[in-house]
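Protein chains: 2
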Amino acid sequence: MSRSVPVIDPARSPVVPDPRRPADTPYLRLHVGEAVERYRRLARALPGTAIHYAVKANPDPRLLAALNGAGCSFDVASPAEVHAALTAGAVPSALVYSNPVKRRSDIAYAAARGVRLFVVDSLEETAKVADAAPGASVLCRLVTSGEGSDWPLSRKYGCSTQQAIDVLRHAARLGLDPAGVSFHVGSQQRDPEAWAGPIAASARVFRVLRESGIQLRLLDLGGGFPAALAEGCPPPSAYGAAIQRHLARHFGRHRPRTLIEPGRGIVAEAGVLVAEVLAVVHRGDTRWVYLDAGVFTGLVETLGEAIRYPIETDRDGGRTGPCVLAGPTCDSVDVLYERTMVDLPLDLTEGDRVRLLGTGAYTTCYSTVGFNGFPPLPTRLVS
Amino acid sequence: MSRSVPVIDPARSPVVPDPRRPADTPYLRLHVGEAVERYRRLARALPGTAIHYAVKANPDPRLLAALNGAGCSFDVASPAEVHAALTAGAVPSALVYSNPVKRRSDIAYAAARGVRLFVVDSLEETAKVADAAPGASVLCRLVTSGEGSDWPLSRKYGCSTQQAIDVLRHAARLGLDPAGVSFHVGSQQRDPEAWAGPIAASARVFRVLRESGIQLRLLDLGGGFPAALAEGCPPPSAYGAAIQRHLARHFGRHRPRTLIEPGRGIVAEAGVLVAEVLAVVHRGDTRWVYLDAGVFTGLVETLGEAIRYPIETDRDGGRTGPCVLAGPTCDSVDVLYERTMVDLPLDLTEGDRVRLLGTGAYTTCYSTVGFNGFPPLPTRLVS
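Protein chains in written order, with this note's numbering: chain A, 245 to 627; chain B, 245 to 627.
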């Protein structure tokens, strides 16, 4: 509790535009109602499963307030996100603190604000939670392969089923409430069957502990629910059906309470990044289109061309051809799509608007404070 | 000139720590005097060459003021950087606007503030500068291989010698002043001989244009001057000697005025990123050390493990062993060194300080606005 309490306020920016004339582009056009609709669609696809919106995907306070009003719970990763969720009107019991490795004083801060559910994935972290949030409930995170996801998770977090059993037994010994298991199948997961293996592994942990007298009750199915983006994806109902099937198969009559932590699946398609063409330059046989938004103003997920956003322009309808798409900073890393070029209108020119769809998640929050002197990506709400 | 004028102010942050108790770590400890000393060392190594500090590397206003006071000029990439350099006391003639692709209104803004020297690399951009800054001086950027650099430049910028000849002739026709040629050998360039090829290519452009009556006079040798970091690098004098030798060989008695644009070479070793160990976790046979600073709080250049910072800890001196070094956010990309692990003390533990050396460049400015709710990396000056 001696720790400072950072407050997320996207309205404040270290790069201060001249108030007489704010820059027109780039900006994120965010449709909060669309995000709420995506929340409702996921809730319908997974009846009986609590939806905890992953604040990290887009912490816009107006978005959080709207989701809270619609009945959504929250997944938080830091004191600032705890504060943001509670400020949006959430009750502390609607929060899961899912960052598996936390600063001790951050756990204490969350506990003092009433948060009672923490994810751990090691004996070390379990002891830390027991110290900083005595008696709290814990979920132990299992490692997964990340196969089938566009932004897979590494070995950074998660443990084996045997380690999870040890961790949850240790939690009980330390006076914590061993509530259940969590896992994450990787962000932008295109395969609904990706949940099969982790659900089976979770069921083993539940069974072994049940046999030794510890009754787990909660299964955190993580995030990974995708946005359509350029390649499309199965509908939420396909994910709901696959998950229900695997829960029934592996848990039978011992079916636990479940929760999910979607971020992208709720907010990505509610956002459109509006950019402007700075220049079209022909380099040898290659057409380069330079935008005023790039890797350092929100489009980090294009690194390695991992995430491909659908693109619309002012000139759609005519002839198109391939081009490399690059950002405005003089850093050569600031190239969005080069290995696989983008098909854009041949008459696209300086000053034209380019709209990157499905950009509501992991853009404004990934912006730099102002690299090259270009301001962070602002948000404009539409309804 | 209708464009807004963003102002870089690192003291303002979208994540507002509780003023009663600012977070202790992470932060960048910046020794401005050390940066000034590095500037002087480069100036001594390259007598007669103007040093334009690349503001993008670290735009701290106190750093800019100190460099300006020592006689350093500036390399800028945006209106905010123009404003920052002029606010630091620079005269407009001490600025080179080196971003090869610019927003038209940004060129006009810079011209209105008195900036007269712009880099271009295409016919399109040349026409834009002629329109927005009539009569300005231009340098045409050549493409280079980037070989030998840790953070190589892509094909994003630069043209062939023949294209450069066309661009500079076009500039003259449009009423611009064709001043010379620029190139960039790639950031953190470890090979002083990397300048050989581009200097030879530049000399060809100078010669061809001289023969047709256009007298170029200025050669921008770019940045790339390295920091020692983990692997060490040749001293500034080795770069100075190689560059002088290649200038003499290729330009002979037609030696142009020269300038360089060092960023990292001036400020990297003036900075130390001070972080704290959040946790040490054993995952199978691997020791994971989690810090409170990571990819999203300034350490972007560790992506792909491109840049390796030397590391000191509170526990140095005893036995060491390999570990994976990871950042605090729950994003799995937030891992600093995993493929090639880091050797750190075996008794390193939660709460210990870890100091990443050579982090004065491309850290504070690469910080996100607050991903996961963790604030951007603040700067503390030491003297």
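Just so you know, even glycine gets a beta-carbon here, dropped at the ideal spot from N, CA and C.
Bear in mind that the values here come from a model prediction, so they are computed numbers and not experimental data.
query: The region 510-523 of chain A touching the region 600-610 of chain A, judged by at least three CB pairs closer than 8 Å; result: yes
query: Residue 308 of chain B and residue 299 of chain B closer than 8 Å at C-beta; result: yes
query: Spatial distance of residue 362 of chain A from residue 613 of chain B (CA atoms); result: 25 Å
query: Beta-carbon gap between residue 540 of chain A and residue 502 of chain A smaller than 8 Å; result: no
query: Buried/exposed call for residue 530 of chain B, threshold 16 Cβ in 10 Å; result: exposed
query: Cβ neighbour criterion (16 or more within 10 Å) applied to residue 611 of chain A; result: buried
query: As assigned by DSSP and simplified to three states, the class of residue 294 of chain B; result: strand
query: Any chain B beta carbon closer than 8 Å to residue 340 of chain A; result: no
query: Secondary structure, beta strand (DSSP E): runs of 3+ residues fully inside the region 491-570 of chain B; result: 501-504, 515-527, 530-535, 555-557, 564-570
query: Inter-residue CB distance, residue 276 of chain B and residue 580 of chain B (contact presumed, cutoff 8 Å); result: Not quite, the Cβ-Cβ distance comes to about 26 Å (not below 8 Å), so this is no contact.
query: The beta strand (DSSP E) enclosing residue 599 of chain B, as first and last residue numbers; result: 597-601
query: From B:272, B:270, B:313, residue whose alpha carbon lies closest to that of residue 281 of chain B; result: B:313
query: Among B:481, B:526, B:482, B:450, nearest to residue 496 of chain B - alpha-carbon criterion; result: B:450
query: Residue span of the beta strand (DSSP E) that contains residue 424 of chain B, given as start and end; result: 421-426
query: Rounded separation between residue 343 of chain B and residue 416 of chain A - CA only; result: 59 Å
query: Nearest to residue 295 of chain B (by Cα), restricted to the options B:556, B:504, B:528; result: B:504
query: Three-state secondary structure (DSSP) of residue 320 of chain B; result: strand
query: Nearest residue (CA-CA) to residue 520 of chain B, options B:595, B:474, B:494; result: B:595
query: Cβ-based burial, residue 584 of chain A [other Cβ within 10 Å; buried from 16]; result: exposed
query: Contact the region 342-357 of chain B vs the region 545-565 of chain B: 3+ CB pairs below 8 Å; result: no
query: Local Cβ density within 10 Å of residue 335 of chain B, reported as buried at 16 or more and exposed below that; result: exposed
query: Residue burial classification, residue 492 of chain B (beta-carbon count within 10 angstroms, cutoff 16); result: exposed
query: Exposure of residue 265 of chain A, with buried meaning 16 or more beta-carbon neighbours within 10 Å; result: Its pLDDT being 45, under 50, residue 265 of chain A is placed unreliably by the model, and the measurement read from it follows with that caveat. So residue 265 of chain A counts as exposed.
query: Boundaries of the beta strand (DSSP E) in which residue 582 of chain B is found, first to last residue; result: 579-589
query: Buried/exposed call for residue 432 of chain B, threshold 16 Cβ in 10 Å; result: buried
query: Classification of residue 322 of chain A by the beta-carbon crowding that lies within 10 angstroms, buried from 16 upward; result: buried
query: According to DSSP, residues forming a beta bridge with residue 274 of chain B; result: B:515, B:625
query: Close beta carbons around residue 419 of chain B, own chain, < 8 Å, minus the five adjacent residues each side; result: 374, 378, 379
query: CB contact check: residue 618 of chain B to chain A, cutoff 8 Å; result: yes
query: Under 8 Å by beta carbon: chain B residues contacting residue 553 of chain A; result: The premise fails here: residue 553 of chain A is roughly 18 Å from chain B at the closest Cβ pair, so nothing lies under 8 Å.
query: Whole-angstrom distance between residue 274 of chain B and residue 621 of chain A, CA atom to CA atom; result: 27 Å
query: Identified DSSP bridge partners for residue 464 of chain A; result: A:426, A:503
query: Complete beta strand (DSSP E) runs within the region 356-401 of chain B (minimum length 3 residues, chain order); result: 361-364, 381-385, 393-395
query: Proximal chain B residues relative to residue 366 of chain A, where beta-carbon distance stays under 8 Å; result: 523, 525, 526, 527
query: Separation of residue 575 of chain B from residue 532 of chain A, as counted between CA atoms; result: 31 Å
query: Same chain only: Cβ atoms within 8 Å of residue 562 of chain B, ignoring 5 sequence neighbours per side; result: 589, 590, 591
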